[in-house]
Amino acid sequence: MILPAKLLLILSVPLAMAFPVLHHGWANYDQTTTLDYTGLVKEITYENPHGMLQLEHEDKTWTVVLAPPSRMNARGLTKDMIQPGDSVRVVGYPHKEVKDEMRAERIYVGDKKVELR
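Sequential numbering of the sequence shown, starting at 2, is according to my numbering.
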């Protein structure tokens, strides 16, 4: 019979190994190419682990990965500052494999610039 501690160890090792794969690492974004887009927000989520918005730019919709809500709040970007229909400027890096996705380094809302990383 397997002891409960051994069973827990056996079950936790595969989970621990899978976690980095489940989280989309920043290495998946091409930091040699900077995107600078201004467009209309179609949709925004302000939830953990990262905020996200859908940005309409030149007849294309981009998924923009933002910082965690706690970081955005700490840097002065609150949930009520961006709504669908608002115009924002986003500077960031394109995903290496996922078409039309970028990781935002900074976002401009009106005349306010917020560093996200």
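Don't be surprised by glycine CBs; every beta carbon is placed ideally from N, CA and C. Computed from a predicted model, the values in this text were never measured in an experiment.
Put simply, the backbone Cα of residue 94 is about 20 Å away from that of residue 44.
Under the DSSP assignment, residue 28 falls outside any beta strand (DSSP E); it carries neither an H nor an E label. The residues 90, in chain order, have a CB closer than 6 Å to that of residue 39 in the same chain once the five nearest residues on each side in sequence are set aside. Distance check between residue 59 and each of 88, 111, 118, 116 places 88 closest, using alpha-carbon atoms only. Following the DSSP letters along the chain, one finds residue 95 inside the beta strand (DSSP E) bounded by residues 88-95. When DSSP states are grouped into helix, strand and coil, residue 81 belongs to the helix group. Counting only runs that start and end inside the region 45-76, the beta strand (DSSP E) elements of at least 3 residues fall at 53-58, 61-66. Annotation: the continuous beta strand (DSSP E) that includes residue 104 extends over 102-110. Residue 117 is positioned such that its CB atom lies closer than 7 Å to that of residue 68. Residue 37 sits close to residue 92, with the two beta carbons spaced by under 7 Å. In the three-state DSSP reduction, residue 116 falls in the strand class (E or B).
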